[in-house]
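Notes follow the structure.
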Amino acid sequence: MTRTLAIAQNTLREVARERVVLVLALFGLMLLMGSQVLSPLALGEGRKVVIDFGLAGSSFLATILCVFLGSSLLHKELERRTVYAVLAKPIRREEFLLGKFLGLWVTAAMLLGGMAVILLAVVTVAYHDTPWQILGAVGLNLVELGIVTAVVVFFSSFTTPALTAFFAVAATVAGHFAEDLRYFASQGTPGIRAMVEAAYWMLPHLDLFNARGLVVHGASVGVERLLYAFSYGLLYVIGMLILAGTIFRRREFR
Amino acid sequence: MSQERDESRRRPSWMAGIKPRHALAEVDPLPLLKLDAVVKTYRDPMTLKPFTAVDGVSLTLERGEIFGLLGPNGAGKTSTIKMILGLTRPSRGTILIEGRDPWDPDARRKLGYLPENPCFYDHLSAVEYLDLVGSLFGIRAETRRARSQALLQRLGLGAHARKPLRKFSKGMTQRVGVAQALLNEPNFLVLDEPMSGLDPIGRSEVKQILREERERGTTILMSSHVLAETESLCDRVAILHGGRVLEVGSVKGLLSSGVVEWEIGLESLTPDRALALRAQGHRADSVGTRWVVRVGSESALQSVLGELVRAGIKIGSVEPRRESLEEHFVRALGARREGSL
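For the record, the sequence lines run as chains A and B. Quick note on my numbering: the first sequence kicks off at 479 and runs consecutively. Quick note on my numbering: the second sequence kicks off at 8 and runs consecutively.
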């Protein structure tokens, strides 16, 4: 585990020292502050708008960080051959990959967490009421980020950064509409139904992790839903990482 | 001796013919590295045409030696090294590091590796990079800090320890590479072109470090194009060509038969005599106040010496000039190419 954590720490340093992270963080800050400008237009619903806008914005920015920085992380290691010196050490390739996953996920989680803290502060100062219920939505979002990161790591274990980013974005977007996909499947011919059903089961069900609608209206995320989403997320991440590890272990470094 | 007596006293009589386990270990230690008929075939990703990079290489490295892998570009040196490190798998044959498959992380626990033209994480400083490497070896935090500092000082990078690696010159990066290869106090060092990018002072320092490591008992496998340095450092070398081992042996053994010419040192020589020697196909050159006559064979040496003695010329010295490793390497490759024509 020490070796995995060392790789994770290095990945965190690498991503955190990218200027684009600073830009994303500043952009998020501006977004949260800017949502205050829109609130007067919401006819008394300003608090809801700020929370909805803040949660959606922070989730979007953290996903962008995961997909676009994550897709090139492994490729950069192979292209610059930094991976040669690392994998010649007593580390398993699966440990290396797990470290990459953890480093990227923690960086995205830090961005998301930081923005959640700012959102809490903005709402507290502006409306004299701390919306603690957003923590449930942020927790679900963290698990969603874990899934997106695992998908990025899976694709980057065997394909190029551009294709990794494309597949990860496609899986994330389609994953948010997984239930709709199942509905479409029920309308099609048996052949199409089987194919769409297969896609439904393979895609991450990201709609499970969207609790914005609830918390915007002041409701909390139920423990049962949290447990179900965390269990599903954990299993999906483990599955993705096992597949990625299997592919990466067979990879030859010419 | 007394320990042996105690041992025999404790052992029952029926075990008299069986050697104790530690005695077996002393008699038959595992070789540090053993390559047995290793073949590596790659496929072109576009045409899927197979290409054999390493073709039946068998080598054994003994403990405490410096072993050189020599060969022109494409000879299979780096492909062999990558298999030894577990970065690629042999298509056929076996590689064992102290009896373990290089794929097993434990086989790499006491291994240090310097890649060719090393490139490290440029977002880290030298100290941070060595700390990462130390963590990968499972070295305790205070030990890795102390070792990093000592190594950076030893390699002349003490003042640059906190500078980002992206600001390092090629020579400085090479030194960081040497430092990270030595951090785990390895008993097996694999160095791919260790002198590359170093200035003469850097080369001399790295050579000194490698000698010290050998004295410490470290086995070193190095590939190099700088044959003069390989000759002065290596105990044994293997010459690779087209993925196969052309020759393997001690540097002294490979070069012992190769007396290229004989040099006769003379205090004085008349211009007429020099011209006469040149007319016979020998070389006669004045070097400062002395003359050096070079003859190509032992029989010619006897004849020239007789001639000079008869002419009353005082002979200062007679020395054989042996083939350098570079000359041997070029000759071996030339013979191979002629043979394949």
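Idealized CB from N, CA, C, for every residue including glycine.
Would you verify that the beta carbon of residue i is, or is not, closer than 8 Å to some beta carbon of chain B?
{"i": "A:A503", "result": "no"}
{"i": "A:L565", "result": "yes"}
{"i": "A:A484", "result": "yes"}
{"i": "A:P609", "result": "no"}
{"i": "A:Y678", "result": "no"}
{"i": "A:R497", "result": "no"}
{"i": "A:I725", "result": "no"}
{"i": "A:P639", "result": "no"}
{"i": "A:F731", "result": "yes"}
{"i": "A:P568", "result": "yes"}
{"i": "A:T560", "result": "yes"}
{"i": "A:T480", "result": "yes"}
Within a Cβ cutoff of 8 Å, which residues of the same chain sit near residue i, ignoring the five residues on either side of it in sequence?
{"i": "A:R558", "result": "none"}
{"i": "B:L340", "result": "P79, I246, H248, L253"}
{"i": "B:L92", "result": "P109, R115, L118, Y120, V197"}
{"i": "B:E69", "result": "P38, L39, T226"}
{"i": "B:K170", "result": "S132, A133"}
{"i": "B:E222", "result": "none"}
{"i": "B:L139", "result": "Y128, L131"}
{"i": "B:E236", "result": "M202, R210, K214"}
Can you find a CB in chain A that lies within less than 8 Å of the CB of residue i?
{"i": "B:G145", "result": "yes"}
{"i": "B:R154", "result": "no"}
{"i": "B:Q187", "result": "yes"}
{"i": "B:R115", "result": "yes"}
{"i": "B:S257", "result": "no"}
{"i": "B:V213", "result": "no"}
{"i": "B:P327", "result": "no"}
{"i": "B:L92", "result": "yes"}
{"i": "B:V140", "result": "yes"}
{"i": "B:F127", "result": "yes"}
{"i": "B:T87", "result": "no"}
{"i": "B:L42", "result": "no"}
{"i": "B:L284", "result": "no"}
{"i": "B:H167", "result": "no"}
{"i": "B:T95", "result": "yes"}
{"i": "B:L164", "result": "no"}
Could you tell me whether the Cβ atoms of residue i and residue j are closer together than 8 Å?
{"i": "A:C544", "j": "A:T627", "result": "yes"}
{"i": "B:G349", "j": "B:L273", "result": "The question about residue 349 of chain B has no answer here: the residues shown for chain B are numbered 8 through 348."}
{"i": "A:V694", "j": "A:I529", "result": "yes"}
{"i": "B:L234", "j": "B:I227", "result": "no"}
{"i": "A:V631", "j": "A:K554", "result": "no"}
{"i": "A:A566", "j": "B:L131", "result": "no"}
{"i": "A:E573", "j": "A:R481", "result": "yes"}
{"i": "B:Y136", "j": "B:Q187", "result": "yes"}
{"i": "A:I612", "j": "A:L597", "result": "yes"}
{"i": "A:V493", "j": "A:L547", "result": "yes"}
{"i": "B:A318", "j": "B:R280", "result": "yes"}
{"i": "B:F144", "j": "B:N194", "result": "no"}
{"i": "A:L551", "j": "A:L582", "result": "yes"}
{"i": "A:L681", "j": "A:A640", "result": "no"}
{"i": "B:I271", "j": "B:V316", "result": "no"}
{"i": "B:I102", "j": "B:V45", "result": "yes"}
{"i": "A:Y710", "j": "A:L686", "result": "yes"}
{"i": "B:L282", "j": "B:V300", "result": "no"}
{"i": "B:V294", "j": "B:W269", "result": "no"}
Ignore the nearest five residues each way along the sequence and tell me which others in residue i's own chain have a CB closer than 7 Å to its CB.
{"i": "B:G178", "result": "G204, L205, D206, G209"}
{"i": "A:S474", "result": "It is not possible to answer for residue 474 of chain A, since the shown part of chain A is limited to 479 through 732."}
{"i": "A:A646", "result": "V545, S549, V626, V629, V630, F633"}
{"i": "B:V213", "result": "V185, P201, M202, L205"}
{"i": "A:G617", "result": "L704"}
{"i": "A:F708", "result": "V621"}
{"i": "A:A643", "result": "V545, F546, S549"}
{"i": "B:D199", "result": "T85, I88, L121, P122, E123, S230"}
Quick one: what's residue i bridged to in DSSP?
{"i": "B:V45", "result": "B:V64"}
{"i": "B:F58", "result": "B:Y49"}
{"i": "B:F74", "result": "B:L228, B:R243"}
{"i": "B:D292", "result": "B:V299"}
{"i": "B:W269", "result": "B:V302, B:P327"}
{"i": "B:L121", "result": "B:L198"}
Keeping to the same chain, check which residues put their C-beta closer than 6 Å to that of residue i; ignore five residues upstream and five downstream.
{"i": "B:G165", "result": "L159"}
{"i": "B:E333", "result": "L234"}
{"i": "A:I569", "result": "R481"}
{"i": "B:G250", "result": "T59, A60, V61, D62, G83"}
{"i": "B:W298", "result": "L273, L276"}
* Length at least 3, wholly inside the region 153-229 of chain B: the beta strand (DSSP E) runs in chain order -> 195-199
Kindly provide the ranges of any alpha helix (DSSP H) runs that are 4 or more residues long and lie completely inside the region 596-680 of chain A, ordered along the chain.
612-634, 639-654, 656-665, 668-680
In chain order, which continuous runs of the alpha helix (DSSP H) of length 4 or greater are located wholly inside the region 490-551 of chain A?
497-516
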